[in-house]
Amino acid sequence: MKPSVDIAELIEFIDKYQPGQSLSKTEQRDIFKRPYKQYYAVLVWGLLSNKLLKSGTPEETYFKESVSDLAHGILLTLFNFYKPARMSLRSACENYCRFLYLSSGTAPQNEKSTYEVIAAAQATADKFPNVRTEIDKIAEAYGELCLTVHSAALDYMALKIPFAELSQFESTLFGSNLRMCLKISSSMNKSLFGLWHQELHKLDHGASDFVRDSISTSYKKMFYA
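Positions in the sequence shown are counted from 1; adding 6 to them yields my numbering.
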């Protein structure tokens, strides 16, 4: 007897699929608020990037892609696809580093590995006060996310196959993914503040005030002392 392939069940599963649970409880919404605020600040920087980065240039492309990757990481987490979310977050780190060194007009001599790209971004960050620490955090996040992408240990494997299991809510993975989202988006936000804080006047007051409010007073003081 030959097995038959009928996509009707799959169609029914897709039609009925509801992410659910991710933000159904107050404690989960509370966990989500901080990374979402930092992500939203990065979106505001995206509005400013339209004024500062020439359209179609590599730096503009990589910046927009890093923000897109970050968005995918957050949305996939909310839809309970935790491993793909971490893959997107890893890509966000890499593309943001490419944006950073390209925006300074420099490039690594050899781009054989992402770690060389990150090293070039770190070298670029050294040119801006108080930015290197944030790029180091992004590099650290990239290294941790590689463990997930390469399934280097059991703790980083999904070990799920049926579609229904792939989309199940898991509070531990939900929390760890959002902590990673917070780490990356916060470092992107702070480093962009280091690069572009003097350009915030080019945005409307509501947008610029939101960005300033999303960054700690102690960090802002390092630029306005």
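Glycine is no exception: its CB is placed at the ideal position from the N, C-alpha and C atoms.
Considering only I221, C187, L188, the residue with the shortest C-alpha distance to H203 is I221. Taking C-alpha positions only, E171 is separated from S110 by approximately 45 angstroms. Its Cα nearest to that of K43, the residue C187 stands out among S197, C187, H211.
If you ignore the 5 residues before and after L108, its C-beta comes within less than 7 angstroms of the C-beta of P64, E65, Y68, all in its own chain and listed in chain order. Annotation: A129 to V137 spans about 10 angstroms, alpha carbon to alpha carbon. In this structure, the beta-carbon distance from I144 to I190 falls below 8 angstroms. In the structure shown, T63 adopts coil according to DSSP, grouped into three states.
Between L106 and A131 a beta carbon distance of about 7 angstroms is seen, short of the 8 angstroms cut, so the two are scored as contacting. Straight-line spacing of the CA atoms in A14 and N86 works out to 23 angstroms. Ranked by Cα distance from D36, the first of F175, P90, L184 is L184.
Sequence-distant Cβ neighbours of M228 in its own chain, meaning closer than 8 angstroms and more than five residues away, are P135, N136. The residues T120, V123, Y148, in chain order, have a CB closer than 7 angstroms to that of E100 in the same chain once the five nearest residues on each side in sequence are set aside.
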